[in-house]
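Heads up: the sequence shown runs through residues 1 to 82, numbered per my numbering.
Heads up, the beta-carbon is just placed ideally off N, CA and C, and yes, glycines get one too.
These numbers come from a predicted model, not from an experiment.
Heads up: the structure comes next, in structure tokens.
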Amino acid sequence: MASARLKRVGSPGWATAMAVHARAEAAQHQAQDAVGLAENLLEAVPFNALRVNTVTRLRDLVGDLSGQSAARGLEERVRALG
1 MASARLKRVG
11 SPGWATAMAV
21 HARAEAAQHQ
31 AQDAVGLAEN
41 LLEAVPFNAL
51 RVNTVTRLRD
61 LVGDLSGQSA
71 ARGLEERVRA
81 LG
């Protein structure tokens, strides 16, 4: 989160930091927190402004959260990214 705090909300660097932090939360079995961070990211950054590496991290996050009911809405949003 320290990395994200140093960036402007919505910037590519902020989005990357948020995606990495969300994956870390998922790895610690904090599905709700991981989904919350990813949802915040998707609310702050327009789809067309997301970098490929951030989209990849979001897809990986959905995989990390596979089977978690908290991730259903996020899975749909990430799938819509293409």
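Is Leu37 near the ligand ADP, in the sense that its beta carbon is under 7 Å from a heavy atom of that ligand?
The ligand ADP is not part of the structure shown, which contains no ligands of any sort.
Close Cβ partners of Leu41 (< 7 Å) along its chain, the five nearest in sequence each way excluded
Ala15, Met18 and Ala19.
Starting from the C-beta of Pro12, find all residues in its chain whose C-beta is less than 6 Å away, skip the five residues before and the five after it, and write them out in chain order.
Only Arg51 meet the Cβ criterion.
Indicate the three-state DSSP secondary structure (helix, strand or coil) for Gly13 in the structure shown.
Helix.
Taking 8 Å as the threshold (C-beta atoms), are Ala34 and Leu65 in contact?
Taking the C-beta atoms as reference points, Ala34 is found nearer than 8 Å to Leu65.
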